[in-house]
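The next block holds one structure in the form of structure tokens; read it before the comments.
Right under this line is the structure:
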């Protein structure tokens with residue numbers, strides 16, 4: 027009996043490449059360590075939890091460096107080492123860098139927010155949830171089967187719901203979390219139904235095997251497969267805030283602590299776009315005629331609705347600055363969808379996906395920097411209206427210049443060359459794929475966005491109303507602004523670097 031059991035055990039137990047899975051594992055381990063440590067340290071030492079979390083995220087990001095020497099895979103099928111559940115290739119490392127870097131900057135902003143919040147945010151729980159979400163987000167780009175993909179998506183999402191509604195006694199925060207949760211759970215349920223249809227048709231959850239088998243599905247199952255493809259994409263479209271799955275964004279950003287809104291605007295989007303890329307380009311290339319038009323329509327609709335929503339924001343309305351950034355993020359999501367749609371029509375799908383990744387990297391740096399300045403202004407102007415930014419240059423010249431630079435980057439105007447370069451790259455991907463109509467829609471939306479970005483930029487340099495009050499900039503916020511500012515300026519000087527870095531090697 028033991029002689030028979032030994033080969034069976036060997037076929038079930040797999041060796042684990044610990045270095046390959048190190049980045050998300052470190053984030054998860056630090057999350058557990060912070061949660062346990064919170065039980066034993068006094069209130070006056072709670073700040074240590076924040077700095078431990080920052081160091082943990084930095085360590086997780088640094089562990090990407092040893093993985094640059096080549097692709098690594100683990101949790102592979104026995105007898106077929108080419109079919110794996112976890113792959114650390116170039117695409118994975120670039121997205122993990124974006125996710126962990128974004129989480130690190132959000133953590134820096136959170137250190138100050140927690141200190142200013144008069145214990146309305148429980149520190150131990152906050153850091154545990156942030157790190158857990160970052161671990162799930164870092165796992166997702168390495169996932170190469172639908173089960174791992176969905177688990178990673180939910181590990182990234184579920185802590186985010188709690189982060190949005192974590193502030194004690196804040197009705198606005200609770201309502202935002204409830205809306206975020208209910209809409210996300212519905213989208214996930216629809217997506218899981220789609221995955222079940224795909225699995226029933228192909229008999230596998232591995233992305234590469236789905237790509238092979240789905241082409242040989244019996245004709246009677248074609249409708250089931252097509253339905254499964256559409257339903258699967260809905261869950262990821264929700265995470266990207268694509269219209270019509272965007273309605274949760276403005277209220278969620280306003281109700282959440284500002285660093286959490288910054289985190290969702292960058293890391294949440296990275297999770298959604300990564301899932302869309304893996305499902306469409308790797309698992310379902312033969313169904314490009316189904317998802318290609320859908321992505322193109324979503325891109326056009328999303329960028330238009332997002333920019334029009336941002337354009338309608340009134341400068342004196344409470345939280346109008348955060349709402350404008352929220353609607354702007356919806357519009358930016360439309361631009362990010364363009365190269366994914368182009369991949370369905372292009373002979374160079376890898377180049378199209380590289381355009382999306384390059385734009386996502388630019389957007390992450392610039393948007394996190396804008397949220398950092400918003401967090402600074404919010405310390406003295408808690409309603410965070412656009413009108414509160416009037417005369418910021420007189421109060422804090424450096425912050426005003428940095429915010430102006432970030433807004434010009436988002437608009438795609440010099441000296442924000444990196445924003446212009448990213449938009450041209452996306453525009454070129456649409457034109458090269460024969461999607462001229464989508465390129466025209468994008469050009470119109472870029473012009474619409476110019477108005478509200480330039481309007482906010484001009485307000486920074488107008489004469490302030492009333493007495494000018496200086497902003498004291500805490501060290502963590504200074505670090506976040508400096509990091510994003512330096513990276514943004516450096517990339518504007520050499521924008522080709524971001525495209526070279528975004529060379530995914532996905533195929």
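In the working numbering, the protein residues as written are 27 to 533.
Every residue, glycine too, gets a C-beta built ideally from N, C-alpha and C.
Computed from a predicted structure; not experimentally measured.
DSSP, read as helix, strand or coil, puts residue 103 in strand. According to DSSP, residue pairing for residue 110 in a beta bridge involves 102. In this structure the segment 144-163 does not lie against the segment 217-224, because fewer than three pairs of beta carbons, one per stretch, are closer than 8 Å.
Remark: fewer than three beta-carbon pairs, one from each stretch, lie closer than 8 Å, so the segment 384-403 and the segment 323-342 are not flagged as touching. By the Cβ criterion, the segment 424-436 is in contact with the segment 472-480, since at least three pairs of Cβ atoms, one from each stretch, lie closer than 8 Å. For residue 41, the three-state secondary structure derived from DSSP is coil. By the neighbour-count criterion, in which 16 or more other beta carbons inside 10 Å mark a residue as buried, residue 92 falls on the exposed side. Relative to the Cα of residue 520, the nearest Cα in the group 473, 454, 467 and 442 belongs to 442.
Scanning its chain for C-beta atoms nearer than 6 Å, with the 5 sequence neighbours on each side dropped, one finds around residue 182 the residues 159, 162, 163 and 297, in chain order. Taking residue 98 as the centre and dropping the five residues before and after it, the same chain places the C-beta of 43, 46 and 114 closer than 6 Å to its C-beta, in chain order.
Residue 194 sits in coil when the DSSP states are folded into three classes, being neither helix nor strand. Relative to the Cα of residue 348, the nearest Cα in the group 410, 211, 309 and 327 belongs to 410.
Here residue 225 carries a helix assignment [DSSP, helix/strand/coil]. Assignment of residue 171 by DSSP, reduced to helix, strand and coil, places it in the strand class. Around the beta carbon of residue 207, 16 or more other beta carbons sit within 10 angstroms, so the residue counts as buried.
The C-beta separation of residue 402 from residue 499 comes to about 6 Å, placing the pair in contact by the 8 Å criterion. Counting along the chain, residue 381 sits inside the alpha helix (DSSP H) bounded by residues 375-404.
For residue 419, the three-state secondary structure derived from DSSP is helix. Separation of the CB atoms of residue 187 and residue 168 is rounded to 23 Å, and the pair is thereby denied contact status at 8 Å. Scanning the segment 448-531 for uninterrupted alpha helix (DSSP H) segments of 4 residues or longer gives 462-486, 501-519 and 522-527, listed from N- to C-terminal end. Under DSSP, the beta-bridge partners assigned to residue 232 are 171.
Counting only runs of 4+ residues, the alpha helix (DSSP H) found wholly inside the segment 256-283 occupies 275-281, in chain order. Residue environment analysis places residue 70 among the exposed positions, since fewer than 16 neighbouring C-beta atoms fall within 10 angstroms of its C-beta. Boundaries of the alpha helix (DSSP H) around residue 358: 346-369. In the structure shown, residue 296 falls within a helical segment according to DSSP collapsed to helix, strand and coil. Taking residue 157 as reference, the option from 175, 176, 127 and 174 with the minimal CA-CA separation is 127. Selection 112, 49 and 62 evaluated against residue 41 yields 112 as nearest (Cα-Cα). For residue 149, the enclosing alpha helix (DSSP H) covers residues 149-165.
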